[in-house]
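Peer 1: Chains as they are written, first to last, in full-length UniProt numbering: chain X, 1 to 164; chain A, 1 to 164.
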DNA sequence: CACAATTCAATTGCACACAACCCAAAGACC
DNA sequence: GGTCTTTGGGTTGTGTGCAATTGAATTGTG
């Protein structure tokens with residue numbers, strides 16, 4: 001790694017990682033959009049249903065922890081899922097701050113139809129299960145790293161030389 | 001790969017790839033948000049500036065092709081960049097349908113300060129340049145595959161057996 | 001030249017995603 | 001009991017991201 005500023009190269013290189021991740025994510029989103037259209041679901045709505053199918057019933061807080069989403073995103077999303085009759089929201093009696101979400105019978109029934117989704121997505125990726133697993137592993141590690149980064153680095157030094 | 005439906009496993013496995021990609025992308029976005037706050041830029045705005053810094057001046061259409069964004073996203077974004085004085089939009093004289101975007105002197109000057117950004121981002125990833133390059137390559141390949149997928153597959157068969 | 005098809009940008013509508021706030025309920029503390 | 005703090009959801013505001021439409025300009029074709 002050079003210590004010269006090398007503005008051109010840095011700006012180009014940087015674009016590569018973040019941009020490819022950004023684009024891949026949107027491309028994936030597009031594929032999900034197409035596949036989930038038949039179910040009338042968006043991709044984040046599908047994610048919420050996945051965790052509910054697994055756990056049966058969860059408070060909003062727990063869904064947010066699982067998906068790393070806050071109430072600003074989840075509240076309206078859950079209201080939409082409730083509006084189309086797939087989930088039910090009930091304020092807990094023992095802790096009235098908490099709202100418990102669970103699939104309605106229609107929401108639970110959707111699970112049977114939804115098991116087709118992963119096959120179609122996997123086919124669209126064109127990757128083997130092994131490659132998928134590997135990529136997933138790297139991305140999870142990257143996310144953990146990014147979440148933990150505090151960014152309190154000196155603007156210039158301390159970056160190029162980790163031993164500093 | 002088994003041919004049994006295996007709903008549980010399929011739904012879980014599927015969650016892994018798409019979810020990790022989705023989460024990694026948002027985590028990256030969060031890091032950029034923190035780093036770019038000093039510049040008053042969002043991450044997509046930064047991407048637009050990157051291509052403008054490289055090419056000097058581009059029609060909206062070309063920016064969209066580079067970043068895979070359409071006018072619905074770019075039009076308001078560019079108006080914001082114009083509002084804060086970083087770019088200039090001018091309707092082309094030779095083709096009046098086209099709008100040419102280029103950095104203002106302030107926008108061009110920002111480039112010098114922005115070369116700090118990639119260092120901080122790279123540091124936050126905790127990855128070597130080699131790992132970054134490898135990941136980028138996989139993601140680009142994945143995006144290409146996803147963009148090309150037509151999804152006109154049979155819902156069930158035709159997935160597990162590529163020779164079909 | 002006239003007319004249809006295409007292209008480019010902008011706009012509208014909807015759904016995240018996140019920061020920043022508000023409020024009510026629950027705990028913690030004296 | 002009476003405050004103080006924390007916690008869980010909700011709301012608001014801003015900024016994407018994308019489908020669908022509009023409208024003007026250009027191109028293609030007879």
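The beta-carbon is built from N, C-alpha and C at its ideal position, and this holds for glycine as well. Only a predicted model underlies this, so the values are computations on that prediction, with no experimental measurement involved.
If you count every other CB in all the chains shown that lies within 10 Å of the CB of residue 84(X), and 16 or more means buried, which is it?
Peer 2: exposed
Peer 1: Taking all protein chains shown into account, do 16 or more other C-beta atoms lie within 10 angstroms of the C-beta of residue 20(A), making it buried, or fewer, making it exposed?
Peer 2: In this structure residue 20(A) is buried. Its beta-carbon is surrounded by 16 or more other beta-carbon atoms within 10 angstroms.
Peer 1: Does any CB atom of chain X fall closer than 8 Å to the CB of residue 55(A)?
Peer 2: no
Peer 1: Spatial neighbours of residue 44(A) within its chain, please: C-beta separation below 8 Å, excluding the five flanking residues on both sides.
Peer 2: 67, 69, 73 and 77
Peer 1: Give the interface partners of residue 117(A) over in chain X, defined as CB-CB distance under 9 Å, in chain order.
Peer 2: 10, 11 and 14
Peer 1: Grab me the residues of residue 35(X)'s own chain with a C-beta within less than 6 Å of its C-beta, minus the 5 sequence neighbours each way, in chain order.
Peer 2: If you ignore the 5 residues before and after residue 35(X), its C-beta comes within less than 6 Å of the C-beta of 117 and 120, all in its own chain and listed in chain order.
Peer 1: Note down, in chain order, all residues in the segment 138 to 149 of chain X with a beta-carbon under 7 Å from any beta-carbon belonging to chain A.
Peer 2: 138, 139, 140, 142, 143, 145, 146, 147 and 149
Peer 1: Do residue 15(A) and residue 127(X) have their C-beta atoms within less than 8 Å of each other?
Peer 2: no
Peer 1: Consider the Cβ of residue 60(A): report whether some Cβ of chain X lies at a distance smaller than 8 Å.
Peer 2: no
Peer 1: By the three-class DSSP mapping on this structure, what secondary structure does residue 57(A) have?
Peer 2: The answer is coil: DSSP assigns residue 57(A) none of H, G, I, E or B.
Peer 1: Note the first and the last residue of the continuous beta strand (DSSP E) segment covering residue 102(A).
Peer 2: 99 to 103
Peer 1: Using a Cβ-Cβ cut-off of 6 Å (strictly less than) and excluding sequence neighbours within five positions of residue 42(X), which residues of its own chain qualify?
Peer 2: none
Peer 1: Can you list the residues of chain X that residue 101(A) reaches, using a CB-CB cut of under 8 Å?
Peer 2: By Cβ distance, chain X contributes nothing, its closest Cβ being about 17 Å from residue 101(A), past 8 Å.
Peer 1: To which residues does DSSP link residue 91(A) through a beta bridge?
Peer 2: 99(A), per the DSSP bridge assignment.
Peer 1: Check whether the Cβ of residue 18(A) lies closer than 8 Å to any Cβ atom in chain X.
Peer 2: yes
Peer 1: Which residues in chain X sit within 8 Å of residue 71(A), going by Cβ to Cβ distance?
Peer 2: What residue 71(A) touches in chain X: nothing, since even the nearest Cβ is about 16 Å away.
Peer 1: How would you list, in chain order, the residues of chain X whose beta-carbon sits under 8 Å from the beta-carbon of residue 75(A)?
Peer 2: Within chain X, not a single residue places a beta-carbon under 8 Å from that of residue 75(A); the smallest gap is close to 18 Å.
Peer 1: Can you list the residues of chain A that residue 87(X) reaches, using a CB-CB cut of under 9 Å?
Peer 2: None at all; the shortest Cβ gap to chain A is about 17 Å.
Peer 1: Can you confirm whether residue 21(X), when its beta carbon is compared against all beta carbons of chain A, has any partner nearer than 8 Å?
Peer 2: yes
Peer 1: Between the beta-carbon of residue 53(X) and the beta-carbon of residue 111(X), is there less than 8 Å?
Peer 2: yes
Peer 1: Need the endpoints of the alpha helix (DSSP H) that residue 122(A) sits in, please.
Peer 2: 116 to 125
Peer 1: Of the choices 101(X), 46(X), 17(X) and 30(X), whose alpha-carbon is the least far from that of residue 115(X)?
Peer 2: 46(X)
Peer 1: Can you tell me which of the three DSSP states residue 85(X) falls into?
Peer 2: It is coil, neither helix nor strand.
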